[in-house]
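Just below is one structure, and these are the notes that go with it.
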């Protein structure tokens, strides 16, 4: 499967972006880079080239869980030089409003068209004595500032920014209404990305309410899915990653496995296919602690369908 996002800026070719895929109503796929302190330019390019043929954009994180890595804006610049669309994340945890707005201006100047903006998770306890958490703004104010920037860009004839935010899948009461999520959409979000959630029944119940509330008419919903590589990685997610939903049965799939990476690819592909059948879900963000090739293999095996209605 070859997505148009792999096209380079040569001749009359135009880079097709995640924003374009959302506008076209595609079931979108993004693949997340593995970024660490020792990740250099060459490794960014290697991972991105592996992902480019299988995804609509390459997701660039913003030092999640306090893990230091290269500036996301620098990573986005590297990707754009390779003709690959970045989906750039910004967290309000580590910068004040002035620094965040400066980063937004820099990203827009580079040609970034899709941003995932979030308040950010608190740093792990062992890091807090050494590092200061800022949290100078919340998600809604951050989105509003970015939307105003996008309107300014559009008035100058430059591409409008597609803004996204995070949402947490949980088991809602029947009377629950997505008021906070709607407030983020009012602030400017046009797509929503969930935490990792591998409980399909839970997702069905959660999405049923979003569909009934017509949230899916207002935004594109993306679910985060990992390619697990071992029983240890599955168990770590189950026990440690805040907010992630990993049923205990998933961990048992990997116990005693001779080829856990193959099982991880199969399970991820199986999950992606199932997510395409849940009304209201418009895409997936795929990550892994293994090699980028595992993401490409899972997406290829899932045989993702495009241009399906997601509003329902």
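Numbering (this note's numbering), first residue to last: 582 to 893.
Glycine residues also receive a C-beta, built at the ideal position from the N, C-alpha and C atoms.
Practice item. Kindly list the residues whose CB is nearer than 8 Å to the CB of residue 676, restricted to its own chain and excluding five residues on each side of it in sequence; keep chain order. Key: Within the chain shown, the letter at position 95 stands for residue 676. So the qualifying residues of the chain are 684, 715, 717.
Exercise for review: Would you list the one or two residues that DSSP bridges to residue 778?
Suggested key: In the chain shown, counting from the first residue as 1, residue 778 sits at position 197. Paired residues: 826.
Practice item. Would you list the residues sitting across from residue 801 in a DSSP beta bridge? Key: For the purposes of this step, residue 801 is taken as the residue at position 220 of the chain shown. Bridge partners of residue 801: 772.
Review point. Cα separation between residue 849 and residue 834?
Key: Taking the chain shown and counting its residues from 1, the one referred to as residue 849 is at position 268. Taking the chain shown and counting its residues from 1, the one referred to as residue 834 is at position 253. The alpha-carbon separation between residue 849 and residue 834 amounts to approximately 12 Å.
**Study point:** Outcome for residue 868 when other beta-carbon atoms lying within 10 angstroms are tallied against a minimum of 16
**Key:** Start at 1 with the first residue of the chain shown, and residue 868 comes out as number 287. Here residue 868 is buried, its C-beta having at least 16 other C-beta atoms within 10 Å.
Review point. What residue does the alpha helix (DSSP H) around residue 629 start on, and which one ends it?
Key: As a first step, residue 629 is located in the chain shown; it is residue number 48 there, counting from the start. Residue 629 -> alpha helix (DSSP H) spans 622-633.
Point to revise | For residue 712, three-class secondary structure by DSSP | key: Indexing the chain shown from 1 puts residue 712 at position 131. The three-state reading of DSSP puts residue 712 in coil, since its state is none of H, G, I, E or B.
**Study point:** Beta-carbon contacts of residue 871 that lie in its chain and below 7 Å, excluding the five residues immediately before and after
**Key:** What you label residue 871 is simply residue 290 of the chain shown in a count that begins at 1. Cβ neighbours of residue 871 beyond the five flanking positions: 808, 810, 842.
Check your understanding: Measuring CA to CA, which of 670, 626, 817 is closest to residue 744?
Key -> Along the chain shown, one-based indexing puts residue 744 at 163. Closest by C-alpha distance to residue 744, out of 670, 626, 817, is 670.
Review point. Hey, quick one: how far does the beta strand (DSSP E) through residue 811 stretch, first residue to last?
Key: Here residue 811 refers to the residue found at position 230 of the chain shown. No beta strand (DSSP E) holds residue 811; DSSP gives it neither H nor E.
**Study point:** Own chain, CB closer than 8 Å to residue 831, minus 5 neighbours either side, in chain order
**Key:** For the purposes of this step, residue 831 is taken as residue 250 along the chain shown, with counting starting at 1. So the list reads 779, 809, 815, 819, 848, once near-sequence residues are dropped.
Point to revise | Span of the alpha helix (DSSP H), counted from its first residue to its last, around residue 654 | key: One-based indexing of the chain shown puts residue 654 at position 73. Taken as a continuous stretch (DSSP letters only), the alpha helix (DSSP H) holding residue 654 covers 653-662.
Practice item. List the endpoints of the continuous alpha helix (DSSP H) containing residue 863. Key: Numbered from its first residue, the chain shown carries residue 863 at position 282. First-last for residue 863: 862-869, but that is the beta strand (DSSP E), not the alpha helix (DSSP H).
Point to revise | Identity of the residue in 823, 687, 697, 802 nearest residue 864 by Cα | key: Start at 1 with the first residue of the chain shown, and residue 864 comes out as number 283. The candidate whose alpha carbon is nearest that of residue 864 is 802.
Exercise for review: Report yes if the C-beta distance between residue 838 and residue 769 is below 8 Å; otherwise report no.
Suggested key: Working through the chain shown from its first residue, we reach residue 838 at position 257. Working through the chain shown from its first residue, we reach residue 769 at position 188. Residue 769 sits away from residue 838, with the two beta carbons spaced by 8 Å or more.
Check your understanding: Should residue 733 be labelled buried (16 or more other beta-carbon atoms within 10 Å of its own) or exposed?
Key -> Position 152 of the chain shown, counted from the first residue, corresponds to residue 733. With fewer than 16 neighbouring CB atoms inside 10 Å of its own CB, residue 733 falls in the exposed class.
Review point. Alpha carbon to alpha carbon, how far is residue 740 from residue 695?
Key: Residue mapping note: residue 740 aligns to position 159 of the chain shown, counting from 1. Residue mapping note: residue 695 aligns to position 114 of the chain shown, counting from 1. CA-to-CA, the gap between residue 740 and residue 695 works out to about 10 Å.
Practice item. In the DSSP assignment, find the beta strand (DSSP E) that holds residue 745 and state where it starts and stops. Key: For the purposes of this step, residue 745 is taken as residue 164 along the chain shown, with counting starting at 1. Its beta strand (DSSP E) spans residues 743-748.
Practice item. Between the Cα of residue 747 and those of 755, 721, 657, spot the shortest distance and give me the residue it belongs to. Key: For the purposes of this step, residue 747 is taken as the residue at position 166 of the chain shown. Checked all of 755, 721, 657; the closest Cα to residue 747 is 721.
Point to revise | Option in 749, 601, 606 with minimal Cα separation from residue 823 | key: Locating residue 823 in the chain shown gives position 242, counting from the first residue. Considering only alpha carbons, the answer is 749.
**Study point:** Among 758, 836, 751, the one whose alpha carbon lies nearest that of residue 785
**Key:** Within the chain shown, numbered from 1, the residue matching residue 785 stands at position 204. Per the Cα distances, 751.
Exercise for review: Look at residue 759 and residue 783 and say whether their C-beta atoms are less than 8 Å apart.
Suggested key: Within the chain shown, residue 759 is the residue found at index 178, counting from 1. Within the chain shown, residue 783 is the residue found at index 202, counting from 1. In this structure, residue 783 does not lie closer than 8 Å to residue 759 by Cβ.
Practice item. Return helix, strand or coil for residue 753, following the three-state DSSP convention. Key: Against the chain shown, residue 753 aligns to sequence position 172. If DSSP states are grouped into helix, strand and coil, residue 753 belongs with coil.
Check your understanding: Is residue 622 closer than 8 Å to residue 659 when the C-beta atoms are compared?
Key -> Position 78 of the chain shown holds residue 659. Position 41 of the chain shown holds residue 622. For residue 659 and residue 622, yes; Cβs fall inside 8 Å.
Point to revise | Beta-bridge pairing of residue 609 - partner residues as DSSP gives them | key: The residue given as residue 609 occupies position 28 in the chain shown. Paired residues: 864.
Point to revise | Heavy atom of the ligand FAD within 7 Å of residue 714 beta-carbon | key: Absent from the structure shown: the ligand FAD. Ligands present: none.
Exercise for review: Take residue 626 and list the residues in its own chain whose beta-carbon comes closer than 7 Å to its own, dropping the five residues that flank it on each side.
Suggested key: Reading the chain shown from its first residue, position 45 is the one you call residue 626. 659, 663.
Practice item. Identify the continuous beta strand (DSSP E) that holds residue 667 and give its terminal residues. Key: As a working mapping, residue 667 is identified with position 86 in the chain shown. Its beta strand (DSSP E) spans residues 667-672.
Practice item. Compare the C-beta of residue 676 against all C-beta atoms of chain C and say whether one is closer than 8 Å. Key: As a matter of chain content, chain C is missing from the structure shown, which is built from one protein chain.
Check your understanding: Between the C-alpha atoms of residue 690 and residue 613, what's the straight-line distance to the nearest angstrom?
Key -> Within the chain shown, the letter at position 109 stands for residue 690. Within the chain shown, the letter at position 32 stands for residue 613. One C-alpha to the other measures close to 22 Å.
Check your understanding: Does the beta-carbon of residue 600 have 16 or more other beta-carbons within 10 angstroms, so that it is buried, or is it exposed?
Key -> Numbered from 1 along the chain shown, position 19 holds the residue referred to as residue 600. It counts as buried.
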